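Per the working numbering: the sequence shown = residues 10 to 185.
The C-beta atom is built at its ideal place from N, Cα and C for all residues, glycine as well.
A quick note: this is a predicted structure, and the numbers were derived from the prediction, not measured.
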Amino acid sequence: MSEDRVGDSTVAEVKDASEIRRGLMGRRAALVVLLVVVLAGATGLLGVHTSTARASGGGYSIALDYARVSRAGLDSPWKVTVTRADGFDGELTLATSSTYFEMFETQGFSPEPDSETAAGGVLYQTFAPPEGATSFTVAYDAYIQPASQRGRTGRTTLIVDGREVTHVDYRTWLVP
10 MSEDRVGDST
20 VAEVKDASEI
30 RRGLMGRRAA
40 LVVLLVVVLA
50 GATGLLGVHT
60 STARASGGGY
70 SIALDYARVS
80 RAGLDSPWKV
90 TVTRADGFDG
100 ELTLATSSTY
110 FEMFETQGFS
120 PEPDSETAAG
130 GVLYQTFAPP
140 EGATSFTVAY
150 DAYIQPASQR
160 GRTGRTTLIV
170 DGREVTHVDY
180 RTWLVP
């Protein structure tokens, strides 16, 4: 054997058993995390979760269906239903925190309000009363903007004849 080859070993690069175990455990942990994320997505846990906020007062009740949890790019419901057993005899105004709507891209409200104004961080939408009906629904066709990273809180107040009748508070959380 020549002297040039003395000291060269083919086993010098072999890892010891503890290094091999750490690498194996790290790969297994990463695989478990990936599996949890895939299963969460497959079962809908990462999608839109809706909730309903309800309140009543002055003979009126309101129910707001909204996205309690959502994420960017997903359609997210916002639908207010106003009910009055005796029917409606005057205009209805919905006053909603305008900052709540900042996280949405929208196609608009349905039906569109007869008049609309914004003041002091509140969007006021006035609707003619539905004839002969005991309930009235306004839906917002929207999805969460791709740039939205944080959720928002909101308040929707029902105003009849210039006075606040009732309101609901709600919050939409955004997840990545």
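The Cβ neighbour count for Thr-175, taken over all protein chains shown within 10 Å, is at least 16; the residue is labelled buried. Going by DSSP, Ser-27 is part of no beta strand (DSSP E) but of the alpha helix (DSSP H) stretching over 26 to 51. With at least 16 other beta carbons inside 10 angstroms of its own, Met-112 counts as buried. Rounded to whole angstroms, the Cβ separation of Ser-106 and Arg-172 is 19 Å, and the two are not in contact under 8 Å.
Taking C-beta separations shorter than 7 Å and ignoring five residues to either side along the sequence, the partners of Asp-170 in its chain run Gly-99, following chain order. Bounds of the beta strand (DSSP E) holding Asp-150 are 144 to 153. Non-local C-beta neighbours of Gly-141 in its own chain, meaning closer than 7 Å and more than five positions away in sequence, comprise Gly-96, ordered along the chain. A Cβ-Cβ separation of about 5 Å places Val-57 in contact with Leu-83 under the 8 Å criterion. Exclusion of the five residues before and after Ala-72 leaves Thr-61, Arg-63 and Thr-90 as the residues of its chain whose Cβ lies within less than 7 Å of its Cβ.
Under the three-pair Cβ rule at 8 Å, the segment 125 to 144 does not count as touching the segment 30 to 46.
Runs of the beta strand (DSSP E) lying entirely within the segment 98 to 141, each at least 3 residues long, are 101 to 106, 113 to 119, 124 to 128 and 131 to 136 in chain order. The C-beta distance from Tyr-133 to Glu-121 rounds to 14 Å, too long to meet the 8 Å contact threshold.
Around the beta-carbon of Gly-160, 16 or more other beta-carbon atoms lie within 10 Å, marking it buried.
When DSSP reads this structure, Arg-161 sits in a beta bridge with Thr-181. Scanning the segment 72 to 100 for uninterrupted beta strand (DSSP E) segments of 3 residues or longer gives 87 to 93, listed from N- to C-terminal end. Residue range 58 to 66 is occupied by the beta strand (DSSP E) that includes Gly-66.
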